[in-house]
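Structure record follows, encoded as structure tokens.
Written out as structure tokens, the structure is:
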């Protein structure tokens with residue numbers, strides 16, 4: 001029989017992208033065990049777009065810090081997922097996810113406890129990015145991460161974060177020399193296609209789309225296909241797909257659980273209020289909310305509930321920045337503060353203009 | 001005995017800053033009477049800062065349009081108040097305020113009906129801007145506008161919009177030549193001081209601050225002094241203070257009324273939810289909401305509920321733009337769409353980091 | 001025999017996008033004859049990208065002003081070409097182009113005098129934009145404008161400005177309903193394709209590319225094909241192509257002439273210095289320079305003379321804004337001030353990363 | 001008798017702010033000796049303003065790299081000066097300054113060879129920043145650095161880079177608690193005051209201003225006082241003033257020398273052309289130019305040679321970003337590429353709107 005596990009999630013404010021001092025302090029205080037860290041998410045204060053170096057800066061600081069506590073290969077196994085962009089009042093912060101031996105039996109709580117599963121797929125070839133090979137690799141990886149976490153049913157999965165690769169000029173040239181050109185040589189486009197393929201891989205693993213419905217042509221194009229629990233971001237620093245599954249499992253115990261909803265559009269407060277009601281959370285400052293994770297994007301129609309928005313036409317501020325700030329406001333009003341993880345660029349991650357929302361809750 | 005009046009407020013989407021076609025169409029359809037127009041507010045899609053020409057472009061288009069329906073001096077009497085900045089999903093739109101002869105007696109509704117009062121102060125000298133002279137001129141003007149609207153008690157005032165002047169290099173030089181230099185020759189600073197003095201004038205007229213508490217030194221400095229119902233914006237095109245008072249009066253009838261609240265900070269959903277509850281409005285799409293008007297700003301402390309925000313440190317996006325998008329999200333979630341009038345730069349307009357919110361409601 | 005004509009070009013500083021007062025003043029002073037105006041170019045202080053309303057604001061102010069001096073149909077015949085973006089120290093200004101009866105015979109100057117030709121093509125159907133139909137229409141239009149100006153040889157053409165149409169969502173839908181979908185329904189893409197097709201039309205008319213080399217596939221794709229004298233900008237307000245040809249002709253007299261060069265890349269000072277030397281102009285402030293017109297763009301390779309530039313990767317500032325500011329600096333150093341007409345977005349307008357430069361010179 | 005020294009300056013392209021690989025490669029190839037490195041300048045691709053983390057990211061990567069080659073205290077002695085902002089085509093790059101034992105005697109060259117002096121002042125108290133204490137500390141430090149470099153006459157100094165401290169909220173509070181409040185508690189303002197005080201310190205040391213002319217009131221206010229060779233940038237990471245003096249000395253040998261000029265304004269090409277002529281350099285690509293260093297800023301008058309610029313009124317792009325891109329263009333045209341070190345924010349560094357320019361030249 002497997003050991004009962006317990007998830008711990010620690011949210012810590014960040015004074016700068018390289019400010020790992022709060023994590024160090026928690027380790028020193030014994031409230032974070034470095035050996036138990038499975039993933040660190042960071043909401044960093046860059047522009048969240050192409051030339052956002054706050055993500056890499058944060059990763060470098062995290063790695064250096066972890067090396068002081070763990071062997072090099074153990075550091076490599078920790079999933080480090082940085083999301084740039086703290087528009088509006090969004091607060092830069094870390095989310096540290098640990099898997100501990102359970103301190104307490106699960107008891108008879110209504111909800112199963114939070115479970116965390118991490119898996120890294122084998123490296124993709126550049127020509128696989130944004131194609132069915134990536135969809136299938138991520139789908140398989142999500143299933144493996146679920147198994148690692150002891151999550152049995154796809155219904156128990158509430159948030160899947162994937163960090164996925166992209167195509168650079170060098171990678172495209174390398175693939176072309178081998179006679180297998182990538183789907184695009186445009187870095188920015190490849191980021192969207194990689195996020196899209198990853199998200200459809202998640203959707204496939206969770207049974208949200210059928211195998212036969214997904215095709216290369218649909219990736220980045222048919223936004224009627226989507227996952228209600230996917231969050232994907234692409235980064236230059238890896239060629240594999242790094243997968244973090246957050247869900248519920250009877251094999252985990254402890255005070256934390258997770259639940260999720262999908263926002264139908266950028267002002268869909270009702271979905272979020274329903275989620276809060278279901279978890280018995282009060283609006284505007286319930287301290288049982290440990291973390292909120294969400295995706296935001298500008299609707300491709302240029303409309304929101306029939307009214308025009310100007311996010312796609314603004315040549316001074318990127319649409320993703322507008323969307324994070326605005327959806328951040330919608331959600332921060334409910335949470336009662338803005339230290340929430342709102343990430344942009346939501347291809348196949350929730351419906352067009354909407355996106356998944358997950359909340360990690362401390363049960364009394 | 002005075003005639004019973006009735007306010008009409010028409011909200012119309014704007015396809016571009018000069019898109020007055022929807023107003024023209026409403027005039028053609030008889031749903032707006034040009035002779036009854038007292039004020040037009042516009043939420044235009046510029047950056048809302050110094051080099052935002054969408055405001056002047058909108059005013060030019062409005063004036064040209066009105067000239068087709070009204071004599072030149074009547075056009076001049078219409079208050080035209082443009083607020084730039086549609087960050088996030090905020091939708092560009094017009095709010096046309098009319099004062100008509102009442103079609104129906106007030107009946108025995110619980111709330112008094114919406115009343116509109118407009119007044120323009122005499123022109124300020126450059127050296128009066130941002131000083132007690134402006135505070136007192138605006139205070140007197142608000143009282144006059146209230147009297148014009150038949151609003152008896154300051155408690156019945158729910159939103160006061162002031163468009164106020166600013167100091168340009170030429171105006172500063174002119175004043176200096178006369179031996180009376182202005183408080184500042186810096187245009188941007190003068191905008192804040194003018195908004196601040198106007199807002200304290202409103203606060204004085206509404207009894208929110210005592211005469212003895214306001215001084216030149218307090219303007220733009222002591223943000224503990226503020227009005228809960230003031231909204232001020234400064235513009236280069238005028239030297240007077242153009243005042244629009246929105247409140248309730250027994251001398252007005254019709255289906256519309258107004259109510260207001262103050263957000264204590266940028267995520268203060270509770271104040272807004274209380275306002276909606278008081279008016280019997282449902283959250284997320286009540287069609288009885290005719291218009292929502294609010295002020296937004298980044299807290300000067302750099303903190304929101306204890307967490308750091310990055311709005312004041314972002315050298316790529318102005319803090320006012322961040323604040324409008326984020327507070328726009330908080331409010332749009334409640335309203336159920338983003339065609340709402342959220343304006344930035346809130347010196348002495350609500351508490352630091354917060355701001356007034358007013359809602360115009362159609363009573364069944 | 002045709003009358004001898006004389007071109008007059010007046011450069012006037014602009015205090016704001018709608019500041020037509022300097023033109024009004026010149027008309028009042030008799031230094032501009034409204035009936036002689038053939039074209040007005042404006043360098044306005046917007047972002048020069050999609051949501052730049054300074055262009056339309058300037059056009060509205062110009063039209064209103066001209067209506068005070070000319071019949072409505074005469075106003076319509078004046079080509080109004082606005083280019084947004086005054087990055088760096090670029091100064092907002094107007095260039096007013098007049099065609100007068102010649103005051104003086106051409107004499108025996110070495111260079112022929114400046115000649116101005118204007119022509120407007122018939123309206124394009126949406127599905128013609130960015131295709132060979134537009135290439136051919138512009139080519140024919142350039143030939144007509146040359147004939148109008150009495151410019152015999154393509155070698156005597158030094159700058160061709162085209163304002164060309166774009167595809168909006170409505171136009172795309174209209175075309176699709178008729179069974180002839182446009183090349184793209186994406187507005188931004190259609191702008192580039194329209195500029196590209198127009199520029200290749202210019203190249204065709206000037207013999208810079210051969211008829212057989214231009215194809216739909218080459219438009220917006222094969223940047224080895226280009227005109228050394230083309231400047232194209234697309235605007236939502238027209239469906240025709242408005243063409244202004246600036247060249248030299250024996251049928252014109254007066255003190256002005258024009259010459260041009262092409263910058264091979266963004267730092268190609270040598271081409272510009274050669275142009276100045278050829279015209280006997282001193283570097284850094286020669287008052288005989290009446291106007292300088294140029295196109296600027298970021299090289300698509302991400303490199304300039306082997307060194308990386310970051311213009312294409314900057315998600316905070318559009319690449320066209322970077323390019324205008326930088327190339328503006330290169331050219332302003334030579335001219336000795338920055339009231340020069342530097343325009344962005346240079347598909348098929350000069351080599352990749354470079355662009356045409358023309359100078360209008362007053363001969364002593 | 002002191003050993004004859006020789007300066008080596010290596011310019012290396014940077015693929016990202018943390019890309020120290022080219023320096024590592026040069027060390028591996030023996031073309032850089034880590035023990036000889038006195039300073040590393042970096043032009044990094046952030047916004048160059050408050051929230052530019054590329055500078056700190058670059059410093060972290062440099063320190064980590066140097067630690068692989070040097071003892072910790074030796075690493076600390078290397079001056080690391082990062083300047084953010086590669087607007088226009090400016091290319092991100094490193095400048096590595098080494099002091100070696102001279103390989104060759106000075107011979108009888110016309111110019112003395114390049115000499116490098118580094119000195120770090122004692123830490124400032126927060127209340128000393130932007131005041132005479134800082135002016136005097138920097139002045140003394142420049143004299144010490146000159147002595148270290150064996151530079152005898154102030155006339156032989158051609159560029160002085162100072163990295164100076166700033167006041168944070170914590171530092172201001174700490175100083176206030178001790179009863180000695182700093183000159184300002186506003187971080188951004190303190191940056192300008194610190195740069196200003198440092199630059200006046202340089203001016204004092206070089207005899208460009210008289211002791212009696214400098215006062216606290218003049219710092220950040222009287223821009224008639226300035227150094228023609230100062231370049232100052234402030235950073236949060238230090239409380240001392242880190243000084244790098246670049247000049248000429250008979251105590252140094254080798255192929256490199258340095259010369260400088262001052263641009264009177266942003267389009268002052270003549271000063272730069274004069275500098276190039278004096279050094280026998282051809283315009284547009286002379287390979288003997290090892291490095292060019294310059295300061296850029298928007299003139300505070302809003303005018304350049306009588307024409308309006310819009311840099312100070314643009315609420316979307318910071319004036320420093322505009323200025324770097326534009327002046328970068330002016331200078332890159334002369335150098336023939338854009339891998340040049342153009343830095344913004346030039347209080348008391350050259351005349352208002354202008355700035356110092358220095359060139360490091362390889363003599364035959």
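Protein chains in written order, with UniProt numbering: chain A, 1 to 364; chain B, 1 to 364; chain C, 1 to 364; chain D, 1 to 364.
Each residue gets a CB set at the ideal place from its N, CA and C atoms; glycine is no exception.
Check                                                                                                                                                                                       : Outcome
Taking a Cβ distance cut-off of 9 angstroms, strictly less, list which residues of the region 4-15 of chain C are near chain D, in chain order.                                             : 13, 14, 15
Using the beta-carbon of each residue, which ones in chain C are nearer than 7 angstroms to residue 316 of chain A?                                                                         : 47
Just list the residues that DSSP pairs residue 278 of chain D with in beta bridges.                                                                                                         : Answer by DSSP bridge pairing: none, since residue 278 of chain D is not bridged.
Between C:258, C:48, C:35, which lies nearest to residue 359 of chain C when the distance is taken from Cα to Cα?                                                                           : C:258
Does residue 55 of chain D get closer than 8 angstroms to chain C when you measure Cβ to Cβ?                                                                                                : no
Across the region 311-329 of chain A and the region 312-332 of chain B, are there enough close Cβ pairs to call them in contact, namely three or more that are closer than 8 angstroms?     : yes
Hey, is the region 192-200 of chain D in contact with the region 124-137 of chain D, meaning 3+ C-beta pairs nearer than 8 angstroms?                                                       : yes
Pop quiz: residue 85 of chain C and residue 47 of chain C are said to be a contact at Cβ under 8 angstroms. What is the actual Cβ separation, rounded to whole angstroms?                   : 6 angstroms
In chain D, which residues lie less than 8 angstroms from residue 87 of chain C when you measure between Cβ atoms?                                                                          : 317, 322, 325, 326
Sorted by chain position, which residues of the same chain lie with C-beta nearer than 6 angstroms to residue 57 of chain A's C-beta, five sequence neighbours on each side aside?          : 17, 18
Check each residue of the region 292-315 of chain A: if its Cβ is closer than 9 angstroms to any Cβ of chain C, include it; give the result in chain order.                                 : 302, 310, 312, 313, 314, 315
With a cut-off of 8 angstroms, does the C-beta of residue 214 of chain D fall near any C-beta of chain B?                                                                                   : no
Can you grab the Cα-Cα spacing for the pair residue 316 of chain B / residue 316 of chain C, in whole Å?                                                                                    : 7 angstroms
With 16 other CB atoms within 10 Å as the buried threshold, where does residue 344 of chain A fall?                                                                                         : buried
Give the secondary structure of residue 333 of chain D by DSSP, where H, G and I count as helix, E and B as strand, and everything else as coil.                                            : helix
Can you list the beta strand (DSSP E) stretches of 3 or more residues lying completely in the region 74-147 of chain D, in chain order?                                                     : 79-84, 93-101, 113-120
For residue 295 of chain D, list the residues DSSP reports as bridge partners.                                                                                                              : D:343
Which bits of chain D does residue 17 of chain A rub up against, with CB to CB less than 9 angstroms?                                                                                       : 53, 56, 57
With distances taken between CB atoms, is the gap from residue 119 of chain A to residue 145 of chain A smaller than 8 angstroms?                                                           : yes
With 9 angstroms as the limit, tell me which residues of the region 269-290 of chain B have their beta carbon closer than that to any beta carbon of chain A; keep them in chain order.     : 269, 270, 272, 273, 283, 284, 285
Go ahead and pull the three-state DSSP assignment for residue 244 of chain B.                                                                                                               : strand
Using beta-carbon positions only, say whether residue 231 of chain B and residue 356 of chain B come within less than 8 angstroms of one another.                                           : yes
Span of the beta strand (DSSP E) holding residue 360 of chain A?                                                                                                                            : 355-362
Which value, in whole angstroms, describes the spacing of the CA atoms of residue 206 of chain B and residue 228 of chain B?                                                                : 9 angstroms
May I ask you to report which of helix, strand or coil DSSP gives residue 224 of chain A?                                                                                                   : coil
Suppose you measure from the CA of residue 126 of chain B to the CA of residue 304 of chain B; what does that come to, to the nearest Å?                                                    : 36 angstroms
Please list, in chain order, all residues of the same chain as residue 240 of chain B whose beta carbon is under 8 angstroms from its beta carbon, the five residues on each side excluded. : 120, 121, 122, 123, 124, 165
Locate the alpha helix (DSSP H) running through residue 65 of chain D, then write down its first and last residues.                                                                         : 54-67
Over what stretch of residues does the alpha helix (DSSP H) that includes residue 38 of chain B continue unbroken?                                                                          : That residue, residue 38 of chain B, is in no alpha helix (DSSP H); its beta strand (DSSP E) goes 37-44.
Restricting to runs no shorter than 4 residues, where is the alpha helix (DSSP H) found entirely within the region 142-210 of chain B?                                                      : 169-177, 187-205
Should residue 92 of chain B be flagged as near chain A, meaning a C-beta pair shorter than 8 angstroms?                                                                                    : yes
Spell out a yes or no on whether the region 245-253 of chain D and the region 102-113 of chain D are touching, meaning 3 or more CB-CB pairs, one atom from each, closer than 8 angstroms.  : yes
When the cut-off is 8 angstroms and only beta carbons count, does residue 236 of chain D lie next to chain B?                                                                               : no
Just checking: is the beta-carbon of residue 171 of chain A within a distance shorter than 8 angstroms of some beta-carbon in chain D?                                                      : no
So residue 152 of chain D and residue 245 of chain D are in contact, right, with Cβ under 8 angstroms, and what is the actual spacing, rounded?                                             : That belief does not hold up - the Cβ atoms of residue 152 of chain D and residue 245 of chain D are roughly 12 angstroms apart, past 8 angstroms.
So, at 7 angstroms on beta carbons, what are the nonlocal neighbours of residue 49 of chain D in its own chain, with the 5 sequence-adjacent residues on each side left out?                : 318, 320
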